[in-house]
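These notes concern the structure reproduced below.
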Amino acid sequence: MSTPMYGHAIPLLELALKLTHFHRITFAVSASTLDRITKDTDITAHGSHGPINFIAVTSDEISDGRLDEPAAHAGQVLQRFEGLFKVVRTFLLDNSNRFAAVIVDSLLGGPASVLYERHIPYYLFNASRAWLTQTILTFDIDEPEDFVKPDGISPSFNRRSEGYKYIDPFLETVKTCFMEHCKTVNFAEGLIINSVREAEEETLMEIARWFPWMKEMKTFCVGPLNPRIKEKQGKKNEEKDDVQKWLDTQDSRSVIYISFGSIAVPKPDEIMAIGEALLQLTSPVVWSLKKEYYVYLPVDIQSELNKEGCKGNFVIVPWAPQKAVLAHPAVKVFISHCGWNSTLEALSYGVPVVCWPMFADQLLNADFLASVGVGKVLQGTGQVSVRLVPSADIASAVNEVTNCKNTYVENALQWKAKIFFGQDEGGSFREELLALTKSL
Numbered sequence: 001m002s003t004p005m006y007g008h009a010i011p012l013l014e015l016a017l018k019l020t021h022f023h024r025i026t027f028a029v030s031a032s033t034l035d036r037i038t039k040d041t042d043i044t045a046h047g048s049h050g051p052i053n054f055i056a057v058t059s060d061e062i063s064d065g066r067l068d069e070p071a072a073h074a075g076q077v078l079q080r081f082e083g084l085f086k087v088v089r090t091f092l093l094d095n096s097n098r099f100a101a102v103i104v105d106s107l108l109g110g111p112a113s114v115l116y117e118r119h120i121p122y123y124l125f126n127a128s129r130a131w132l133t134q135t136i137l138t139f140d141i142d143e144p145e146d147f148v149k150p151d152g153i154s155p156s157f158n159r160r161s162e163g164y165k166y167i168d169p170f171l172e173t174v175k176t177c178f179m180e181h182c183k184t185v186n187f188a189e190g191l192i193i194n195s196v197r198e199a200e201e202e203t204l205m206e207i208a209r210w211f212p213w214m215k216e217m218k219t220f221c222v223g224p225l226n227p228r229i230k231e232k233q234g235k236k237n238e239e240k241d242d243v244q245k246w247l248d249t250q251d252s253r254s255v256i257y258i259s260f261g262s263i264a265v266p267k268p269d270e271i272m273a274i275g276e277a278l279l280q281l282t283s284p285v286v287w288s289l290k291k292e293y294y295v296y297l298p299v300d301i302q303s304e305l306n307k308e309g310c311k312g313n314f315v316i317v318p319w320a321p322q323k324a325v326l327a328h329p330a331v332k333v334f335i336s337h338c339g340w341n342s343t344l345e346a347l348s349y350g351v352p353v354v355c356w357p358m359f360a361d362q363l364l365n366a367d368f369l370a371s372v373g374v375g376k377v378l379q380g381t382g383q384v385s386v387r388l389v390p391s392a393d394i395a396s397a398v399n400e401v402t403n404c405k406n407t408y409v410e411n412a413l414q415w416k417a418k419i420f421f422g423q424d425e426g427g428s429f430r431e432e433l434l435a436l437t438k439s440l
């Protein structure tokens, strides 16, 4: 069962498709999210126990359908989650006799604890990294989640051994939402992480150090769960073909790809700064940017966009086929918000990253990419940015990451190989997935 959040539902659906080779699977999510993910994802590649039985959860409590829409204030966040938790708790109680085991998005860990009372094993699924469980475990109901950022440290989620917390005006409200989950994590049968174990060892060891009882919890690193994007007819398919054909005309390792995901967008002056950096770099560019933001681009780039089709040095489109772009040999660097799905895709295709994190886990993901030598983090980006990142800094970061004298590209290709062989017969991903299927 997934939260009504696209970035969470997509990897959980991919896991569900893989599990159909071993078990009969039911997948439950809000009706609007289900409609979106089944339109975008190829769900025909199921196993011998498929197809998946989909349940569209509907309720006035989650009438907006999705949680990944921006919230106007903290009270709205609390209202959305409380309504969702009520629906999830009722759904699980009403249907508990239908399931031998349940996998729930980690954000639903609190209401899912009702399954423990019914003696039904349930597993927590982290759509991102193990930091999510770590964060929830460190919430303290009696300690306000205030924050003073030490000099030189980027905002990040609470890690007790490092003694700092994520700066977020909604954090106290978020804590209120997840205190039940904090108190019931130990009821879960296991933790499933959309990541590779090599990326999680440090965090898992830290969790075990602070919470010794977590050593006994089964942990399965089954990522990357990159979705199977459905081939579409119509405008998006034409855009994909146009981008693909344009990439085919470019030199190897020459193209800059830019995308900030589907939720957050840089501020207008930041879009201008990125555009000015691209003009300085003179490299060919693919940028996934909605048309309403084109007006903030430098005039020289806007004039390029007047050319018919995917021509010239700049291909700026409302939607880009990210997996196909990153997989193309013409792409040399990815300027990314560092959402976890995008981070995994960059690693899977061996593309180094210039990190422009916006909020939440993106800050940690950017730090992770930097720590493994695959990414360069731009300082001062995001919704709590304290400065405008100069175009010279952006251009410098791209040059640093793509310079053959540095090791970013080499490190990215090593991660690509690691992930590829992990998914092969006998690889770590395959072994952990098999261990999960036996545990269910």
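With the first letter of the sequence shown counted as 1, position 53 gets the number 53 in full-length UniProt numbering; the numbers rise by one all the way through.
Ideal Cβ placement from N, Cα and C applies to all residues, glycine included.
- Should glycine 426 go down as buried or exposed, given a rule of 16 or more other Cβ atoms within 10 Å for buried? exposed
- Task: Under 6 Å Cβ to Cβ from glycine 47, same chain only, skipping five residues before and after it: list those, please.
- Result: Thr20, His21
- Mapping DSSP to helix, strand and coil, what is leucine 191? strand
- Task: Just tell me which of Ile271, Lys323, Ala320 has its CA closest to the CA of glutamine 302.
- Result: Ile271
- DSSP three-state assignment for serine 156, whether helix, strand or coil: Summary for serine 156: the model assigns pLDDT 38, below 50, so the residue's position carries little reliability; its value from the coordinates is reported in the next sentence. Coil at serine 156, not helix or strand.
- Message: Using C-beta distances below 7 Å, list every residue in its chain close to leucine 433, excluding the 5 sequence neighbours before and after it, in chain order.
- Response: Lys18, Val222
- Output the distance between the C-alpha atoms of phenylalanine 314 and leucine 279, rounded to the nearest integer angstrom. 10 Å
- In three-state terms, what does DSSP make of phenylalanine 420? helix
- Give the single residue among Asn53, Ser30, Ala31 whose Cα lies nearest to the Cα of histidine 23. Asn53
- Can you tell me whether tryptophan 213 is buried or exposed, with buried defined as 16 or more other CB within 10 angstroms of its CB? exposed
- Would you mind reading off the limits of the beta strand (DSSP E) that contains alanine 324? Note, alanine 324: premise wrong, no beta strand (DSSP E); alpha helix (DSSP H) at 322-327.
- Message: Checking 8 Å against the spacing of the C-beta atoms, do aspartate 424 and serine 128 come in under that value?
- Response: no
- Item | Range of the contiguous beta strand (DSSP E) that encloses asparagine 126 | 122-126
- Query: Where does aspartate 105 land, buried or exposed, given buried means 16+ other C-beta within 10 angstroms?
  - Reply: buried
- Item | Residues near alanine 208 by beta carbon distance below 8 Å, same chain, minus five either side | Met214, Lys215
- Under 8 Å between C-beta atoms of proline 357 and alanine 366: yes
- Task: Would you decide whether proline 169 is buried or exposed? Buried here means 16 or more other CB atoms lie within 10 Å of its CB.
- Result: Any reading at proline 169 needs caution, since the residue's pLDDT is 46, under 50, leaving its predicted position unreliable; the model's value is listed next. Exposed, since its Cβ has fewer than 16 Cβ neighbours within 10 Å.
- So what does DSSP say about valine 332, is it helix, strand or coil? According to the sequence displayed, residue 332 carries lysine and not valine. Three-state DSSP puts lysine 332 in a strand.
- Task: Output the boundary residues of the beta strand (DSSP E) element that contains serine 371.
- Result: Not the beta strand (DSSP E): serine 371 falls in the alpha helix (DSSP H), residues 361-371.
- Task: For tryptophan 356, name the three-state secondary structure that DSSP assigns.
- Result: coil
- Message: Am I right that serine 92 and proline 111 are in contact with their C-beta atoms under 8 Å? What's the rounded C-beta distance?
- Response: Reading off the sequence shown, one finds leucine at residue 92, where the question assumed serine. Yes, leucine 92 and proline 111 are in contact; Cβ-Cβ is about 7 Å, under 8 Å.
- Query: Is proline 352 near valine 409, with beta carbons less than 8 Å apart?
  - Reply: yes
- Message: Per the DSSP calculation, threonine 219 is bridged to which residue(s)?
- Response: Leu191
- Query: Within this structure, are the beta carbons of alanine 277 and alanine 395 separated by less than 8 Å?
  - Reply: yes
- Task: Quick one: residues in its chain with C-beta nearer than 6 Å to the C-beta of histidine 8, no 5 flanking neighbours on either side, listed in chain order?
- Result: Ser2, Asp105, Ala127
- Query: Quick one: what's got a C-beta closer than 8 Å to glycine 390's C-beta in the same chain, skipping five residues either side?
  - Reply: In the sequence on display, residue 390 carries proline and not glycine. So the list reads Ala273, once near-sequence residues are dropped.
- cysteine 177 burial status per 10 Å Cβ neighbour count (16 or more: buried): buried
- Which class does lysine 290 belong to by DSSP, given the choice of helix, strand or coil? coil
- Endpoints, the beta strand (DSSP E) within which lysine 438 is located: It is not in any beta strand (DSSP E) - lysine 438 instead sits in the alpha helix (DSSP H) that spans 428-439.
- Query: Going by the CB atoms, is the gap between phenylalanine 220 and isoleucine 193 shorter than 8 Å?
  - Reply: yes
- Task: State yes or no: is the C-beta of isoleucine 301 nearer than 7 Å to some heavy atom of the ligand NAP?
- Result: The ligand NAP is not among the ligands present in this structure, which contains no ligands whatsoever.
- Item | Assigned exposure category for valine 295 - 16 Cβ within 10 Å defines buried | exposed
- Message: Could you tell me the alpha carbon to alpha carbon distance between valine 317 and leucine 305, rounded to whole angstroms?
- Response: 9 Å
- Message: For threonine 437 and tyrosine 122, I'd like the C-alpha separation in whole angstroms.
- Response: 13 Å
- Task: Tell whether a beta-carbon distance below 8 Å holds between valine 331 and valine 386.
- Result: no
- Task: Determine the contact status of threonine 203 and glutamine 134, defining contact as a CB-CB distance below 8 Å.
- Result: yes
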